Each structure stands twice: as structure tokens, then as C-alpha cells.
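Data block below; observations after.
Numbering (this note's numbering), first residue to last: 1319 to 1586.
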């Protein structure tokens, strides 16, 4: 389990606290949505969980399987945690790399000197799982947004991690590709018991596919739990949106308040 205990963080170049008194547990076998406005500290938190940020300027603890994460080596962490950063960053790093080579990068934590036959077999298995075999020789730059995100997810799964951290993976995808990605993620979690933390902005998408929720506001964790924490009051407080809820086929759905719609129509 990943456990965060009264964690605080600031960057070396600033006195501003980016994360303040954050405490939660990230369970295996569930998808946890990390919600909040831009600038709330969501991406920073995910980077801290993966020990990308410098821990010199922190207090509190992040425990990975009961071990302080700052005491673990990079390779040891990478065998347990896979991280998919925002898509624009990943694309900039891998435009000319083939799909096969990109997924093979996910095997780095397990490779001592050069890729073994078992690593190549794992890549082939992962490509098959994601139905990417026909694209294996194509470069990342040639793919659609939905295809690229599947490749980046495949690369992460090739690490054989226990936990998966995803930073806004559906932001640049069309509606169908968003749901395809989230359905695939749900399937992976069910089959492999991986613990997932995913940054999302679409609350209804989160309600459809996520099991647990963490809500950040002004660099603090103000709510955590199942979907019942997403109340009208919380959404107004965090996002300044007036909403209503309806139940459809045992699923909670968020809709804009009618008065809000009328106000928007007046602007058109």
C-alpha cells in the first residue's frame, strides 16, 4: 500500500507550500480519482508519490509497502510504481520512437544490461493485450491521440507495477477515446489488482469509472472517500459550480443547475 502521512511539500526555489498536511492511503485493486482545480497541487502530489520531486523540502511521510519512499532506490520504486505524465510531455520525449520501442522502455526497471528474451516476450504480450500488434513498427508521432494513450498505458503496464499514477491521461482525447481508455483501465484493475491514482477533470467520467476520490483545494486535501463525498456543497466549494444530481440505472450523474444553464444561454 502507498500511505501518505501529514505530508508537506515546497519547491527549493519558493517558500510557498504546494502541499499541506496531506494524509491518505492508496489501496490496491481500485481506481482513485484525484480531483481539484488547476494549481491545487494534483500533479505535484503524483510526482511526490513517484519520488520525482526533491524530498529535501518536505515534512511528513510517504510510505511504500511500509518503507519511507526516500530510502528506496529509483529502480526499486520503478518496479512497484509506474507513472504516465501528461500526454504532451510524453509525446515530446518519444515522437520518433516506435510503438514496440516505447513499450520496451517500460521494461527498464527489470533490465540489468540489455533486454532479455523474457523482456521481449513481455512486450509482445503487452502489445497483444492492448491490440497494438499491428502498430508495433509505427512511430508514436503517426498515431491518433487515443492510440498514443493506449501505448503509454501499455508501456506503464510492461513495468509490471503494483501501482499506476496517471496525470490527466484523457485530457486531449475525444469523447469515445476517453471512455475506451477508462474502460480499459477498469478492466486492467479488475484483472491485475493494480492500485490506480488518476487525475481527472470530468466529474461524471470519474463517477462512472472510479471507486475512491481525493479532492484537493488550495493545496490541501479537503475530502476523501467514495462517491458520496461528491456533494452539491463540495462541488460548489471547490469548483464554484451549482449542480444537481440524478440517478440513472443506479449511477449518480451530475448536471448543471438549470439557472446556470439559463445564465450561459444569455451569453450566447
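Cβ atoms here follow ideal geometry from the backbone N, Cα and C, with glycine treated the same way.
Keep in mind it's a predicted model, so treat the numbers as computed, not measured.
Mapping the DSSP letters down to three states, classify residue 1463 as helix, strand or coil.
helix
Pairs of beta-carbons, one from the stretch 1511 to 1523 and one from the stretch 1485 to 1500, closer than 8 Å: are there three or more?
yes
According to the neighbour-count rule (16 or more other Cβ atoms, all chains shown, within 10 Å of its Cβ), is residue 1331 buried or exposed?
The Cβ neighbour count for residue 1331, taken over all protein chains shown within 10 Å, is under 16; the residue is labelled exposed.
Just verifying my parser: in three-state terms, what is the DSSP assignment at residue 1375?
Helix at residue 1375.
Where in the stretch 1379 to 1451 do unbroken runs of the alpha helix (DSSP H), each at least 4 residues long, occur, reported from the N-terminal end onward?
DSSP runs (the alpha helix (DSSP H)) wholly in the stretch 1379 to 1451: 1392 to 1398, 1405 to 1412, 1417 to 1423, 1435 to 1447.
Out of 1526, 1385, 1477, state which residue places its alpha-carbon closest to the alpha-carbon of residue 1568.
Considering only alpha carbons, the answer is 1526.
Based on Cα-Cα distance, which residue from 1566, 1565, 1559 lies nearest to residue 1574?
1559
Please return the same chain residues whose Cβ sits closer than 8 Å to the Cβ of residue 1425, not counting the five positions on each side in sequence.
Result list for residue 1425: 1433, 1437, 1440, 1441, 1476, 1477, in chain order.
Taking DSSP as the reference, what is the three-state secondary structure of residue 1323?
strand
Using the C-alpha atoms, what's the distance from residue 1338 back to residue 1443?
42 Å
Is the Cβ-Cβ distance between residue 1528 and residue 1358 less than 8 Å?
At the C-beta level, residue 1528 and residue 1358 stay beyond 8 Å of one another.
For the stretch 1384 to 1397 and the stretch 1446 to 1463, state whether three or more C-beta atom pairs, one from each stretch, are separated by less than 8 Å.
These segments do not touch.
Taking 7 Å as the cut-off, does the CB of residue 1334 come closer than this to any heavy atom belonging to the ligand HEM?
With respect to the ligand HEM, the structure shown offers nothing to examine, as it has no ligands at all.
Provide the residue(s) that pair with residue 1516 in DSSP beta bridges, ordered along the chain.
1351, 1484
Identify which residue in 1508, 1555, 1480, 1564 has its Cα closest to the Cα of residue 1396.
Minimum Cα distance to residue 1396 is reached at 1480.
Could you pull out every residue in the same chain whose Cβ sits closer than 6 Å to the Cβ of residue 1400, ignoring the five residues on either side in sequence?
1474, 1477, 1479, 1482
Count the other CB atoms, across all protein chains shown, that sit within 10 Å of the CB of residue 1493; report buried if there are 16 or more and exposed otherwise.
exposed
Determine which residues share a DSSP beta bridge with residue 1571 and list them.
1564
Rounded to whole angstroms, what is the Cα-Cα separation between residue 1530 and residue 1472?
23 Å
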